[in-house]
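Report on one structure; see the data block that follows.
Chains as they are written, first to last, in the UniProt record's numbering: chain L, 1 to 183; chain H, 1 to 592.
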């Protein structure tokens with residue numbers, strides 16, 4: 001089952017390696033990872049999309065928690081998270097099809113970002129399912145190159161993301177009061 | 001053991017002392033030091049008394065600092081693998097953090113087996129490795145290896161230090177992480193230029209900055225109450241005790257709980273000694289080579305109280321048929337262990353000591369006479385037996401003799417293989433921290449160096465190394481350390497001329513095709529020992545064995561006793577892979 005985890009980590013070299021090594025070593029099935037700094041430069045936030053059933057997800061979160069650089073792991077799947085993925089795709093379109101490609105891109109909600117001799121590059125942003133629907137339509141032009149960012153996700157305001165902490169029931173850490181922003 | 005080498009009870013001979021050019025002095029805030037000196041002073045401040053290591057290019061600034069500061073005591077190993085195993089042996093015997101040190105590249109990679117062993121067995125070890133200068137990192141410089149990358153999966157945490165001013169806090173954090181929560185090895189990789197960088201010493205200890213590291217040590221009160229209720233409802237309860245109990249120093253509390261509610265106790269390999277082997281409620285070891293009665297008890301229990309144990313495959317056999325009729329309580333300091341292999345009814349995350357302290361008063365005194373009687377019947381019907389061939393030493397007899405001569409009170413350090421299991425089956429460890437073995441990783445070559453580490457950690461207790469002829473040769477060069485330091489350390493080689501456990505599996509599962517498991521005759525282990533300046537003796541007659549063992553135990557320094565044993569002896573009973581643990585082979589042995 002698809003699960004979305006929000007993971008707050010220390011923004012330090014090697015943290016990505018630790019997390020990805022954990023996944024490969026433990027044999028977890030990972031669909032996407034996206035990482036970036038938060039508004040606190042000392043912290044980074046990772047969005048992990050997994051294809052795991054319980055108890056695999058529980059094991060993932062517990063193992064992540066064991067990493068010293070991991071500050072907080074939240075399973076936000078059940079909180080109807082806001083999810084976005086960015087895709088850059090270069091469509092094969094010479095002069096004769098350029099206009100058609102641009103129009104089609106517009107129809108599926110993509111933004112034109114670059115026009116070349118033989119191609120049109122467009123940008124798509126949205127939930128992964130929407131992005132994939134749009135890509136299915138654009139595929140008619142043929143893809144010269146495609147880049148996906150992986151999913152970033154955020155729990156909706158007013159909903160409390162469940163902290164997958166040490167053994168069910170242990171209260172979430174006092175991070176907020178310690179000056180660490182809980183995203 | 002003193003900090004000063006001159007005061008240690010296991011002194012090096014005069015010529016081997018770490019000589020100093022000036023008397024050691026403390027260090028004051030504001031004083032300028034090199035990164036390497038900061039590292040050594042931080043170790044001193046942390047109370048580290050001994051470091052096992054081997055110098056080399058990138059770690060030379062640290063060795064120079066060690067030489068000038070004159071402490072901690074340094075033990076020069078003969079191979080870095082020995083340093084890591086010694087640090088583990090030291091940590092396990094003493095309960096303190098063991099420290100090992102190596103240079104960059106090959107020095108560091110030689111630590112890997114030892115670190116992996118410490119990681120699997122949750123042993124607090126600090127490894128310090130030199131690294132090439134930061135300007136050379138990533139350029140495939142001479143003796144460069146990505147040690148943090150290599151050791152990431154086999155350490156609890158590791159550090160690549162980039163600024164000398166971070167060294168004291170890195171050392172403080174590393175030791176804190178190594179010894180708290182679920183203990184484990186931590187590595188500090190120190191580039192040579194950082195070791196040479198000048199910094200000002202700040203007040204020690206520096207504050208801990210670990211927002212992502214907060215081990216849970218207090219168990220959840222409601223879960224503890226739920227556990228107490230299950231104990232009271234059960235008619236056939238069983239304590240299943242692992243190495244976590246030893247680590248937490250909770251052995252006495254397990255005994256208290258066991259006695260209070262008359263609960264028998266099975267132990268994992270790592271848990272042996274947590275409850276005294278001669279205690280009437282002790283059922284010894286369970287699992288693949290556990291006693292039949294112990295495994296039957298597990299399979300017939302209606303409540304399994306797992307404390308500091310992790311449901312390892314060597315314990316559970318076919319995990320889907322493990323303790324099928326039992327509700328399960330799992331007490332562990334590592335939340336990731338709970339529910340990892342086996343679903344449990346009452347999970348309790350916490351330090352075994354703290355949880356048991358809370359649990360015991362909630363459990364009403366009880367008796368389980370029928371249950372204990374049932375187990376006693378199994379003990380009578382299916383005892384641990386082995387065969388004796390006339391004129392040949394049965395390896396189990398060596399262990400029984402050792403148990404008798406030392407009353408189960410020696411620190412017995414084993415290597416890996418058949419002898420390891422015979423010790424686990426027949427040596428009745430009377431206290432925690434007496435049994436030291438590479439349990440999780442099963443690293444051959446562990447025995448001799450780990451015994452040296454243990455010997456240095458507990459100078460007032462007898463320490464015996466029991467090794468196989470295969471594993472002994474893997475790290476035999478560490479005999480030089482035992483000889484140099486004149487450590488009283490009997491080394492008992494259970495010599496069957498084979499890689500016994502491999503041979504046993506080949507006999508049972510490969511129709512007796514002993515592919516490369518039979519060692520050619522020799523080498524002459526007594527002659528090898530003599531080459532290191534260590535006395536020894538070979539014995540192959542049953543009637544001489546006990547006296548020879550007594551002689552080895554009484555030797556004032558290291559002593560190699562090469563016991564030639566029956567090569568056909570098997571470790572029985574045995575649960576074949578994929579079977580449930582009550583589906584053992586070789587349960588009914590036979591005594592001549």
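From the three backbone atoms N, C-alpha and C, an ideal C-beta is built for every residue, glycine too.
C-alpha distance - residue i paired with residue j, whole-angstrom precision
i, j, result
"residue 543 of chain H", "residue 555 of chain H", "20 Å"
"residue 197 of chain H", "residue 14 of chain L", "23 Å"
"residue 35 of chain L", "residue 320 of chain H", "38 Å"
"residue 26 of chain L", "residue 444 of chain H", "25 Å"
"residue 296 of chain H", "residue 581 of chain H", "8 Å"
"residue 150 of chain H", "residue 52 of chain H", "21 Å"
"residue 167 of chain H", "residue 333 of chain H", "29 Å"
"residue 86 of chain L", "residue 169 of chain H", "40 Å"
"residue 104 of chain H", "residue 191 of chain H", "9 Å"
"residue 142 of chain L", "residue 32 of chain L", "24 Å"
"residue 179 of chain H", "residue 326 of chain H", "33 Å"
"residue 478 of chain H", "residue 402 of chain H", "23 Å"
"residue 35 of chain H", "residue 140 of chain H", "24 Å"
"residue 145 of chain L", "residue 128 of chain L", "18 Å"
"residue 491 of chain H", "residue 82 of chain H", "16 Å"
"residue 43 of chain L", "residue 18 of chain L", "15 Å"
"residue 245 of chain H", "residue 30 of chain H", "43 Å"
"residue 485 of chain H", "residue 421 of chain H", "30 Å"
"residue 583 of chain H", "residue 315 of chain H", "13 Å"
"residue 348 of chain H", "residue 276 of chain H", "25 Å"
"residue 107 of chain H", "residue 27 of chain H", "30 Å"
Closest Cα partner of residue i within the set the options
i, options, result
"residue 364 of chain H", "H:51, H:261 and H:310", "H:261"
"residue 155 of chain L", "L:115, L:146 and L:76", "L:76"
"residue 130 of chain H", "H:142, H:177 and H:318", "H:142"
"residue 105 of chain L", "L:135, L:14, L:128 and L:11", "L:135"
"residue 524 of chain H", "H:537, H:517 and H:513", "H:537"
"residue 312 of chain H", "H:50, H:577, H:385 and H:467", "H:577"
"residue 91 of chain L", "L:124, L:71, L:69 and L:16", "L:124"
"residue 440 of chain H", "H:428, H:432 and H:417", "H:417"
"residue 458 of chain H", "H:423, H:38 and H:98", "H:98"
"residue 103 of chain L", "L:157, L:120 and L:12", "L:120"
"residue 240 of chain H", "H:585, H:281, H:135 and H:504", "H:281"
"residue 442 of chain H", "H:85, H:80, H:78 and H:35", "H:85"
"residue 127 of chain H", "H:34, H:340, H:116 and H:493", "H:116"
"residue 114 of chain L", "L:157, L:101 and L:96", "L:101"
"residue 602 of chain H", "H:308, H:144, H:277 and H:264", "The first residue shown for chain H is 1 and the last is 592, placing residue 602 of chain H beyond what the model contains."
"residue 357 of chain H", "H:174, H:257 and H:272", "H:257"
"residue 271 of chain H", "H:222, H:432 and H:238", "H:432"
Contacts around residue i, its chain only, beta-carbon distance under 6 Å, and the 5 residues preceding and following it disregarded
i, result
"residue 454 of chain H", "89, 93, 411, 413, 436 and 463"
"residue 379 of chain H", "293"
"residue 248 of chain H", "351, 352 and 353"
"residue 187 of chain H", "127, 151, 155 and 158"
"residue 449 of chain H", "82, 85, 86, 475 and 478"
Contact set for residue i: own chain, Cβ-Cβ below 8 Å, skip 5 residues either direction
i, result
"residue 489 of chain H", "451, 452, 455, 463, 464, 465, 482, 557, 558 and 559"
"residue 568 of chain H", "389"
"residue 300 of chain H", "236, 325 and 374"
Whole-angstrom C-beta distance between residue j and residue i, which should lie under 8 Å
i, j, result
"residue 43 of chain H", "residue 171 of chain H", "7 Å"
"residue 69 of chain H", "residue 41 of chain H", "7 Å"
"residue 126 of chain L", "residue 84 of chain L", "6 Å"
"residue 189 of chain H", "residue 231 of chain H", "The pair is not a contact, with the Cβ atoms about 47 Å apart (cut-off 8 Å)."
"residue 289 of chain H", "residue 574 of chain H", "6 Å"
Nonlocal neighbours in the same chain, by C-beta distance under 7 Å from residue i, ignoring five residues either side
i, result
"residue 318 of chain H", "578, 579 and 580"
"residue 30 of chain L", "23, 48 and 50"
"residue 540 of chain H", "393 and 564"
"residue 38 of chain H", "164, 167, 168, 199 and 201"
"residue 510 of chain H", "none"
7 Å Cβ cutoff, residue i in contact with chain B
i, result
"residue 6 of chain L", "No chain B appears in this structure, whose protein chains are L and H."
### Query
Given a limit of 8 Å on CB to CB distance, which residues of the stretch 131 to 149 of chain H reach chain L?
For chain L, the residues of the stretch 131 to 149 of chain H that bring a beta carbon within less than 8 Å of one of its beta carbons are 148 and 149, in chain order.
#### Entry: Residues of the stretch 42 to 71 of chain L with Cβ closer than 8 Å to any Cβ of chain H, in chain order
55, 58, 59, 62, 63, 65, 66, 67, 68, 69, 70 and 71
### Query
If you measure beta-carbon to beta-carbon, which residues of the stretch 148 to 165 of chain H are closer than 8 Å to chain L?
Within the stretch 148 to 165 of chain H, contact with chain L at the beta-carbon level (separation under 8 Å) is assigned to 148, 149, 152, 153, 156, 157 and 160.
### Query
Quick one, which residues of the stretch 194 to 219 of chain H are near chain L if we go by CB-CB under 9 Å, in chain order?
210, 211, 212, 213, 214, 215 and 216
### Task
Could you list the residues in the stretch 335 to 362 of chain H with a C-beta less than 7 Å from some C-beta on chain L, going in chain order?
335, 336, 338, 339, 340, 347 and 349
### Message
Taking beta-carbon pairs under 7 Å, can you tell me which members of the stretch 448 to 482 of chain H lie near chain L?
### Response
none
### Task
Output, in sequence order along the chain, the residues in the stretch 163 to 188 of chain H whose CB is closer than 7 Å to any CB in chain L.
177
### Query
According to a CB-to-CB cut-off of less than 8 Å, which residues of the stretch 88 to 102 of chain L neighbour chain H?
none
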